[in-house]
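Below is one structure, written out as structure tokens; the observations come after it.
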Amino acid sequence: MPLGTTIHNIEITLRKGGQLARAAGAVAKMIAKEGKSSTLKLPSGEVRLISKNCSATVGQVGNVGLNQKSLGRAGSKRWLGKRPVVRGVVMNLVDHPHGGGEGRAPIGRKQPTTPWGYPALGKKK
Numbered sequence: 001m002p003l004g005t006t007i008h009n010i011e012i013t014l015r016k017g018g019q020l021a022r023a024a025g026a027v028a029k030m031i032a033k034e035g036k037s038s039t040l041k042l043p044s045g046e047v048r049l050i051s052k053n054c055s056a057t058v059g060q061v062g063n064v065g066l067n068q069k070s071l072g073r074a075g076s077k078r079w080l081g082k083r084p085v086v087r088g089v090v091m092n093l094v095d096h097p098h099g100g101g102e103g104r105a106p107i108g109r110k111q112p113t114t115p116w117g118y119p120a121l122g123k124k125k
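Numbered continuously in the UniProt record's numbering, the sequence shown closes out at residue 125.
Below, the structure written as structure tokens:
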């Protein structure tokens, strides 16, 4: 392969199967060849030495715009296992330290806390 070739699905160890640059739209670039090894620039920016005997696929991984796809509605996100994020202030007092009160009540503590009562902002335990 000539220098500058874009590749993906690269083996690290011979006959182990592709392990590098496999995500949607990922691509690595061959930047040098010396002896029995090649130097590759990976999508992370890491430069890595790989044996010339290891296999790879020429080109870029498909499905480039995967993360730009609009899910459309909350249910689509639920199918992927993402649950809604509920603020502590709108919970009942038994569910969160910020909960309870009448209407839009303030937190009622000196500082925000986690659901388990630890300080949430500014300092660690």
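Yeah, the Cβ is synthetic: ideal placement off N, Cα and C, and Gly gets one too.
Can you list, in chain order, the residues of its chain whose CB lies under 7 Å from that of Lys41, leaving out five sequence neighbours each side?
If we look at Lys41 and ignore the five residues flanking it on each side, its Cβ neighbours are Ala28, Lys29, Ile31 and Val47.
If you reduce the DSSP assignment to three classes, tell me which class Lys16 lands in.
Note: Lys16 maps to coil in three-state DSSP.
Could you tell me the distance, in whole angstroms, from the CA atom of Gly65 to the CA atom of Ala26?
A straight-line Cα-Cα distance of about 11 Å links Gly65 and Ala26.
Please work out which residues of its chain come closer than 6 Å, Cβ to Cβ, to Ser55, disregarding the five sequence neighbours upstream and downstream, and give them in chain order.
For Ser55, where only same-chain residues beyond five positions count, the Cβ hits under 6 Å are Glu11.
Residue span of the beta strand (DSSP E) that contains Ala32, given as start and end:
Element bounds for Ala32: Ala28 to Glu34.
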